[in-house]
Amino acid sequence: MAGAKSESLSSRQGCAGGSRSGIPGCAMDSAPKPLKLFIPGPTEVAPEVLAEMARSAIGHRTPACAELWASCREGLRRLFQTEQEILMLTGPASAFMEAAIRNFVSRKSLHLVCGAFSKRWYEMAVACGKEATAFEVPWGEGFRPEALDAALAMGDYEAVTLVHNETSTGVMNPLAELAEVVQGHPEVLLLVDTVSSLAGAPVAFDDMKLDFCLAGVQKALALPAGLAVAAVSERALQRAAEVADRGWFLDVLRLVTSNQKEQSPTTPSTAHLYALQFQLQRIFEEGLVARWQRHAAMSERTQAWALQQGFELFAADGFRSQTVSCIGRGDGPDFVPALQNLLQQGLLVSNGYGKLKNQTFRIGHMGEHRMSDLEDLLSRFESALQVGEKVQ
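Per the working numbering, residue 506 is the first one in the sequence shown, and the count goes up by one each step.
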C-alpha cells in the first residue's frame with residue numbers, strides 16, 4: 506500500500522510539472538484571455554485594485570481589521586453623502602434587498618416595478634409573506650412623482666421600494682423627485698436600490714431623506730462582486746425594532762450592534778475590504794462630481810452613437826441611465842452577429858435581458874471606463890455591424 510501511495514503522488518507531481526496551475530485538469534491551464542467588459546455588471550476592475558485583494562489575511566477580531574472596517578465605513582458615508590449608519594455585508598446586494606423587507610416591513614409594502622430587478626424586489630416581499638403591491642409601468646418607462654403620490658394615497662403602506670437605475674431596461678428613475686413625494690407620506694419608509702448608480706450618479710442619502718439605500722460593489726464602484734453596502738436612517742432602525750421575525754444573518758440591528766465595535770457579526774471578506782478602502786481613495790481623488798460628469802458624458806455619447814446607427818433608445822426620454830444604455834433595434838442593422846464579432850475581439854457587450862433578448866442590447870459605461878475606452882468600443886461595434894450587413 507505504501508508503494509501505491511508513493512506511485513500515486515509521484516504521478517500527480519509529474520502531471521503538475523507540465524501545467525501552469527500545478528493542478529492537473531485545472532481550468533486555469535486553458536483559461537481564455539480576459540474579456541473587456543462593457544456589460545451592466547460586473548465591470549472592469551483596475552489591476553492595482555485587484556492587487557489589494559492579494560494582501561495577507563488578517564484576523565477579523567483584531568485591531569487591524571477594526572481599523573480597516575472603520576475606514577471603509579467612513580469612506581462609504583462620504584460616498585452615500587450621509588452622517589447616518591453604514592452597513593456592510595459579505596454577499597450580493599440581493600441580500601440587502603431581502604433585509605430591507607425583513608427589517609422594515611411588518612405587513613404591507615408598495616413596489617415600483619419598471620423592469621426585471623425592481624420586479625425581483627416585489628417577488629422577495631411576496632416570498633417573505635408580506636402584503637406586497639406591485640405598481641407597474643411598461644418596460645422602458647420610469648416613475649413620475651404624481652403617479653407615485655397617487656399610488657401611496659391608495660393604501661396604508663409601511664414602505665415603498667424603488668430601483669434607482671434599472672439595468673434590464675436602461676431606465677434611471679428621478680430619485681430626488683420621487684423621494685420628495687415620499688416625504689409627504691411620513692409613515693412610509695423609502696427603500697432604494699442604487700446597485701448600478703452609486704458612484705456613477707448623484708445619490709445624496711441625507712439631503713434626499715432616504716431611509717435605506719443599498720448597493721453592490723461590482724457596478725460603478727468597479728470592484729469584484731461579493732460585498733454589499735448600505736446606508737440606513739435612524740427612523741428606519743426605529744421601525745426595525747418594532748418588526749418581528751427579522752431573522753439573524755440579515756438583522757440590521759445586529760449589524761449596527763457589531764458596527765459599534767467596528768466588526769461584522771460573521772467573518773467578512775477582508776480581501777474585499779482592502780479593495781474597497783483603496784478604491785474609495787481613488788474615487789475621491791477623481792472627485793465625485795467629476796466622476797458623475799464622466800458617466801453622464803459616456804451615456805450621452807453612447808445614445809448619440811446608437812441613433813446614428815439607426816437604432817432606438819429603449820428607455821423613454823427623461824428616464825435614461827447614466828451608467829447603462831439599453832438600445833433597441835429600430836431601423837438599425839441586426840446587432841446579434843455584431844455582438845458575437847465583438848466577443849471574438851475580446852469585448853463583451855450584453856444582449857437584452859429576459860424578454861428583451863435579441864430585441865435590445867445593453868452597453869455598460871461605468872466604473873473604470875473612460876471616454877477613450879468607449880470610443881474604441883463604438884468604433885469596433887460600428888465596423889462589426891458593417892461586416893454583418895455585408896454577410897447578409
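Just so it is clear, CB atoms sit at the ideal spot from N, CA and C, and this is done for glycine as well.
Backbone secondary structure at residue i - three-state DSSP
i	result
S702	coil
V722	coil
S526	Caution applies to S526, whose pLDDT of 44 falls short of 50 and renders its modelled position unreliable; the value that the coordinates give is listed next. Reduced to three states, the DSSP call for S526 is coil.
L755	coil
S673	coil
F717	strand
E692	coil
S614	strand
A709	coil
M558	coil
R796	helix
W810	helix
R875	coil
D881	helix
W644	coil
S888	helix
S769	coil
K510	With a pLDDT of only 37 at K510, under 50, the local geometry of the prediction cannot be trusted, and the value read off the model is given with reservation. Looking at K510 - three-state DSSP - the assignment turns out to be helix.
Which residues DSSP lists as bridging residue i, in chain order
i	result
G620	Answer is none; G620 lacks a bridge partner.
N764	According to DSSP, which records beta bridges pairwise, N764 is partnered with nothing at all.
G869	V829
K538	For K538, which the question treats as bridged, DSSP gives no partner whatsoever.
E817	G833
V697	L667, C718
A736	I591, C718
V854	F543
Closer than 8 Å to chain D by CB, residue i
i	result
N764	In the displayed structure, chain D is absent; only one protein chain is listed.
Start and end residues, beta strand (DSSP E) containing residue i
i	result
L861	First-last for L861: undefined, no H or E at that position.
A746	Taken as a continuous stretch (DSSP letters only), A746 belongs to no beta strand (DSSP E), as it is neither H nor E.
A727	First-last for A727: undefined, no H or E at that position.
A664	664 to 668
A551	Taken as a continuous stretch (DSSP letters only), A551 belongs to no beta strand (DSSP E), as it is neither H nor E.
A637	636 to 641
Own chain, CB closer than 8 Å to residue i, minus 5 neighbours either side, in chain order
i	result
R885	L847, Q850, L852
E588	R582, D711
L728	V550, V554, V722, H777, A780, L781, Q784
F469	Here the chain comprises residues numbered 506 to 897, so residue 469 is not present and cannot be evaluated.
L542	T548, E549, L853, G869
E603	M629, C633, L755
T771	T595, F754
A843	F886, A889, L890, V892, G893
M876	R799, A802, M803, R806
L818	G675, Q808, A811, L812, R825, S830, C831, I832, G833
P650	P679, E682, L683, E685, V686
Run of the alpha helix (DSSP H) containing residue i, from where it starts to where it stops
i	result
F789	775 to 791
L542	No alpha helix (DSSP H) contains L542, which is instead part of the beta strand (DSSP E) from 541 to 543.
A684	680 to 688
A656	650 to 658
Own chain residues within Cβ distance below 6 Å of residue i, not counting five before or after
i	result
R867	P545, V829, C831, S855
L760	L592
V676	C619, G647, A820, F824
D878	none
A655	none
K613	E636, Y662, E663
S689	The residue you asked about is not Ser; residue 689 is Gly in the sequence shown. Hits under 6 Å: none found.
W810	L883
D881	none
Same chain, Cβ closer than 7 Å to residue i, five either side skipped, listed in chain order
i	result
R796	A704, I788
C718	F585, V697, T699, V708, F710, A735, A736
E739	Q589
F601	L594, L719, A733, A735
R744	F609, L694
A741	F609, L694, D716, F717
Problem set entry | Ordered list of alpha helix (DSSP H) runs contained in the region 822 to 852, each at least 4 residues | 841 to 849
Exercise. What are the uninterrupted segments assigned as alpha helix (DSSP H) that are 4 or more residues long and contained completely in the region 560 to 610, given in chain order?
Worked result: 568 to 585, 598 to 609
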